[in-house]
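Please read the structure below before turning to the comments.
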Amino acid sequence: MLSIWQTENLRKSVKTLNLPVTLKSEESEIMKFGFDVDDTLINLREYAFHYYQEKLGQKVAIDVFHELDRVEIHEAFGLTDEEGRNMWNKSVDYIYYTDCPTYPGAVEVLQQLKAEGHEIYYITARSAKHGEDTKAWLKKQGFPVEDDRFYCGMKDDEKVKIIEELQLDYYFDDKPEVLETLARDGLNVFVRDQSYNRHMELPRFSNWTELHELIKDEIK
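Position in the sequence shown (first residue = 1) + 18 = the working numbering.
What follows is the structure in structure tokens.
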């Protein structure tokens with residue numbers, strides 16, 4: 019659940035965001051919403067964590083995962099950074115394209131925004147070779163994806179530049195390095211709560227269902 023501080027910050031942000039929950043009127047402003055994919059819209063790290071347990075034959079408590087202070091998960095299994103890179107490279111196709119769950123409510127929120135006439139952009143740091151397959155996978159899950167509004171294959175600084183060039187109204191991500199830069203530049207950003215970003219004092223949410231309910235409450 020959200021803390022009181024998180025909830026109040028979200029409520030303030032939601033008032034500014036003014037997301038619609040009914041069909042857009044002619045007077046409604048069309049806005050640009052940008053979304054990271056991994057660990058913002060889909061539960062990729064935790065899915066990979068369970069897969070690593072199976073492949074490595076290790077039983078690691080989920081509490082260990084929830085206490086990690088970095089994006090990478092290999093340390094929980096006693097792997098070095100090099101071993102972690104090798105493990106990820108061997109596993110990435112399975113992790114990306116099998117049954118990784120979307121976060122509850124994420125698909126519905128984006129579908130609602132799309133139905134309202136707003137523009138939906140996806141900006142992911144997945145390598146360019148995964149671009150087409152990632153788009154196809156997202157569409158299969160029900161996300162409203164338009165080919166010319168999907169960007170992938172960039173480093174963090176390149177990601178920031180793309181987001182700024184798109185002139186987004188709001189952006190959702192989990193990664194501190196990206197969010198801190200964008201927030202300093204004045205963009206309205208939301209943090210998808212993760213163990214490695216809790217030091218950030220920015221509007222955050224624990225899951226999309228809670229965010230959707232807060233939005234609906236605010237505009238009643």
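No residue lacks a Cβ here, since even glycine has one placed at the ideal position from N, Cα and C.
For Arg210, the enclosing beta strand (DSSP E) starts and ends at 206-210. Judged by DSSP in its simplified three-state form, Ile138 adopts strand.
Counting other Cβ atoms within 10 Å of its Cβ, Ala154 stays below 16 and is therefore classed as exposed.
By the beta-carbon neighbour count (other beta carbons within 10 angstroms, threshold 16), Asp54 is buried.
Along the length of the region 142-207, whole alpha helix (DSSP H) runs at least 4 residues long occupy 149-159, 174-184, 194-202, reported in chain order. Spatial neighbours of Val82 in its own chain (CB-CB distance under 6 Å, excluding positions within 5 residues in sequence) are listed in chain order as Ala94.
In this structure, DSSP gives Asp56 an extended state, which the three-state scheme calls strand. Annotated three-state conformation of Thr116 is coil, per DSSP. Rounded to the nearest angstrom, the gap between the Cα atoms of Asn225 and Tyr189 is 15 Å.
For Arg88, no alpha helix (DSSP H) segment is defined, and its DSSP state is neither H nor E. By the C-beta criterion, the region 195-202 is judged not to be in contact with the region 58-77, since fewer than 3 inter-stretch pairs fall below 8 Å. Going by beta carbons, Val125 and Gly75 fall outside the 8 Å limit. In this structure, Cys170 places its C-beta atom within 8 Å of the C-beta atom of Arg144. Across the structure, Asp175 and Arg216 are spaced so that their CA atoms are roughly 21 Å apart. For the pair Ala201 and Leu220, the Cα-to-Cα distance works out to about 8 Å.
Comparing alpha-carbon positions, the option among Tyr121, Arg88, Val110 lying closest to Ala66 turns out to be Val110.
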